[in-house]
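Asker: Dropping the structure in here first, questions after.
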Amino acid sequence: MECNRINKLKIIDLEIYEDCDNLDNGMSLSKEEIKKVVPCVLREKMWFKLVSDDSFYVHFGYDFNMYIGANESSDEVLNKIESNNLFVEVFESHYFDASKND
C-alpha cells in the first residue's frame, strides 16, 4: 500500500459468517484496521475484497491464499515483495471487477 501511496482500502462484497467486527460494504479501512480483520477472513469468519479505486485490490482465496494486485508496479515493489518470501506472478486478474467499486 505504501509503495502505491494508498492509505485506506474499501470493503466490497462483504459476507459475515460469525460475529467478528462491525464492518459494512463500502467502509474504508486503514492499514492498522486491515491487520485486525484479515485474520477473521483467513479463519473463515467473514469474507470480502479490499479495493482502492481501480488501481489496487486484495482478494482472499482458499487455503489461506491472499491475492494482491495493482495496475502499476515497479521493480522496486516486486523486489520488496519477493524479499519477504512472497510469490509474484504478473497477470490480469479475473477476481477484480473495477465497476463494483463505483
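Under the numbering used here, the residues of the sequence shown are numbered 9 to 110, in order.
Even for Gly, the Cβ is constructed at its ideal location relative to N, Cα and C.
What residue range does the beta strand (DSSP E) around residue 83 cover?
Answerer: No beta strand (DSSP E) contains residue 83, which is instead part of the alpha helix (DSSP H) from 83-91.
Asker: Have a look at 61, 30 and 63 and flag the residue whose alpha-carbon is nearest the alpha-carbon of residue 53.
Answerer: Ranking the options by Cα distance to residue 53, first place goes to 30.
Asker: Which of the three DSSP states is assigned to residue 26 in this structure?
Answerer: Residue 26: coil per DSSP, three-state reduction.
Asker: Buried or exposed: which applies to residue 98, given that a residue is buried once 16 or more other Cβ atoms fall within 10 Å of its Cβ?
Answerer: Burial call: exposed.
Asker: Quick one: what's got a C-beta closer than 8 Å to residue 34's C-beta in the same chain, skipping five residues either side?
Answerer: The answer, listed in chain order, is 18, 19 and 20.
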